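Participant: Going by my numbering, the sequence shown opens with residue 126, and the numbers climb by one from there. By construction, the Cβ of each residue, glycine as well, lies at the ideal position given by its N, Cα and C atoms. A quick note: this is a predicted structure, and the numbers were derived from the prediction, not measured.
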Amino acid sequence: MPSYKHHTNKVAIVPWAMVNDEPYFLLQLPAPKRNAQDEMLWGIARGTVADNSGQDIRDVTHLEHMPESDIEDHRLTARREASEELGLSSSLLTSDALQDSGLQEYTNADGLTYPLHIFTIEVPFKPARQYAEQAKPEDTQALQWASLQQIGELVAENQMKAGYLPIAESVHQQLTATPQRQQSALQSR
Numbered sequence: 126m127p128s129y130k131h132h133t134n135k136v137a138i139v140p141w142a143m144v145n146d147e148p149y150f151l152l153q154l155p156a157p158k159r160n161a162q163d164e165m166l167w168g169i170a171r172g173t174v175a176d177n178s179g180q181d182i183r184d185v186t187h188l189e190h191m192p193e194s195d196i197e198d199h200r201l202t203a204r205r206e207a208s209e210e211l212g213l214s215s216s217l218l219t220s221d222a223l224q225d226s227g228l229q230e231y232t233n234a235d236g237l238t239y240p241l242h243i244f245t246i247e248v249p250f251k252p253a254r255q256y257a258e259q260a261k262p263e264d265t266q267a268l269q270w271a272s273l274q275q276i277g278e279l280v281a282e283n284q285m286k287a288g289y290l291p292i293a294e295s296v297h298q299q300l301t302a303t304p305q306r307q308q309s310a311l312q313s314r
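(1) Using the Cα positions of residue 288 and residue 265, report the straight-line distance between them to the nearest angstrom.
(2) By how many angstroms is the C-alpha of residue 145 removed from the C-alpha of residue 173?
(3) Does DSSP put residue 302 in a helix, in a strand, or in coil?
(4) Tell me the rounded alpha-carbon separation between residue 275 and residue 208.
(5) Do residue 241 and residue 230 have their CB atoms nearer than 9 Å?
(6) Kindly indicate which residue of 138, 296 and 291 has the alpha-carbon position closest to the one of residue 232.
(7) Verify whether the separation of the beta carbon atoms of residue 268 and residue 211 is less than 9 Å.
(8) What do you get for residue 134, buried or exposed, if any count of 16 or more other CB atoms within 10 angstroms of its CB means buried?
(9) Spatial neighbours of residue 263 within its chain, please: C-beta separation below 8 Å, excluding the five flanking residues on both sides.
(10) Mapping DSSP to helix, strand and coil, what is residue 247?
(11) DSSP beta-bridge partners for residue 242?
(12) Using only the alpha-carbon positions, how far apart do residue 300 and residue 138 sit?
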């Protein structure tokens, strides 16, 4: 597996559950960071990679000059974000459970495009509020499950950042193109 540590400082985590042979994704409505009155849009949980002192690496140009050992492992970033923003428990977030989906371009609301290192994880399909109760309230207002079609509708209604739609489409394609979609790991337990 290639190392993307010098390619991006952003990691996204896409939890999913199979419902009637259709993947549903756990989406996050983030809490406002600066102004409590800001209207937030639904999205996929993502975060910034830290250095070995625990400080976020905000400037991606610093990555090319850093030894790889000084850059947080992207799996750790994904686990941290999944716990903080989505309330996923550490028992779900094992290294084996996280699937590396590689780099994908993301275009933010300001039109800036940059690569996200995408990880997916299958989780139990239970009410989103049960996960939200474990998320940090300073990071998350709410969570919801959505199919790819519902994500498209959220984007069309300007309730979700459009840059996440291609990521959801890519993950959906990966999940539905594999033989394991017929019998997911969690369904066989």
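Facilitator: Taking the definition as stated:
(1) The residue labelled residue 288 in the question sits at position 163 within the sequence shown. The residue labelled residue 265 in the question sits at position 140 within the sequence shown. Distance between the alpha carbons of residue 288 and residue 265 is about 19 Å.
(2) Locating residue 173 in the sequence shown gives position 48, where the first residue counts as 1. Locating residue 145 in the sequence shown gives position 20, where the first residue counts as 1. Approximately 34 Å, taken between the alpha carbons.
(3) Taking the first residue of the sequence shown as 1, we reach residue 302 at position 177. Note: residue 302 maps to coil in three-state DSSP.
(4) Numbered from its first residue, the sequence shown carries residue 275 at position 150. Numbered from its first residue, the sequence shown carries residue 208 at position 83. Whole-angstrom Cα-Cα distance: 24 Å.
(5) Counted from its first residue, the sequence shown places residue 241 at position 116. Counted from its first residue, the sequence shown places residue 230 at position 105. Against a cut-off of 9 Å, the Cβ pair of residue 230 and residue 241 comes out as a contact.
(6) Along the sequence shown, read from residue 1 onward, the residue named residue 232 stands at position 107. Nearest of 138, 296 and 291 to residue 232, Cα basis: 291.
(7) Locating residue 268 in the sequence shown gives position 143, counting from the first residue. Locating residue 211 in the sequence shown gives position 86, counting from the first residue. Cβ atoms of residue 268 and residue 211: closer than 9 Å.
(8) Against the sequence shown, residue 134 aligns to sequence position 9. Answer is buried; the Cβ neighbour count reaches 16.
(9) If you number the sequence shown from 1, residue 263 lands on position 138. Taken in chain order, the residues that qualify are 156.
(10) Mapped onto the sequence shown, residue 247 falls at position 122. The answer is strand: DSSP assigns residue 247 an E or B state.
(11) Within the sequence shown, residue 242 is the residue found at index 117, counting from 1. Bridge partners of residue 242: 136 and 228.
(12) Taking the first residue of the sequence shown as 1, we reach residue 300 at position 175. Taking the first residue of the sequence shown as 1, we reach residue 138 at position 13. Residue 300 and residue 138: Cα-Cα distance of roughly 15 Å.
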